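What follows is a short report on a single structure.
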Amino acid sequence: MAKVTVSLDAELVVEIMVLSGVGSPQDAVELVVRDYIARGHRTESRTAVRDEALREVDAKPSDTQG
Numbered sequence: 001m002a003k004v005t006v007s008l009d010a011e012l013v014v015e016i017m018v019l020s021g022v023g024s025p026q027d028a029v030e031l032v033v034r035d036y037i038a039r040g041h042r043t044e045s046r047t048a049v050r051d052e053a054l055r056e057v058d059a060k061p062s063d064t065q066g
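When we follow the UniProt record's numbering, the leftmost residue of the sequence shown carries the number 1, and every step to the right adds one.
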């Protein structure tokens, strides 16, 4: 996998290290980024399930009232 170098504010990185409990700045930032991506995938999955349910309700023919 390709690597990218990014400059971040030292205080921000220290905050990430403290919150994540990881001693390496590289590992701490990588952990936060991976968590953010995983959270996005989980949100997409939940949204897709809800959208599918709404489509099924919309697809059912409604009873005509007379």
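Ideal placement from N, C-alpha and C gives every residue a C-beta, glycine not left out. As the structure is a prediction and not an experimental result, all values here were calculated from the model.
Helix, strand or coil at residue i [DSSP, three-state]
i     : result
Leu8  : coil
Val22 : coil
Ala2  : coil
Exposed unless 16 or more other CB atoms sit within 10 angstroms - verdict on residue i
i     : result
Ala48 : exposed
Ile37 : exposed
Ala28 : buried
For residue j and residue i, the rounded distance between their alpha carbons
i    : j     : result
Val8 : Arg39 : Correcting the residue type first, residue 8 is Leu in the shown sequence and not Val. Computed Cα separation, rounded: 22 Å.
Check whether residue i and residue j have beta carbons under 8 Å apart
i     : j     : result
Val33 : Pro25 : no
Ser20 : Leu31 : yes
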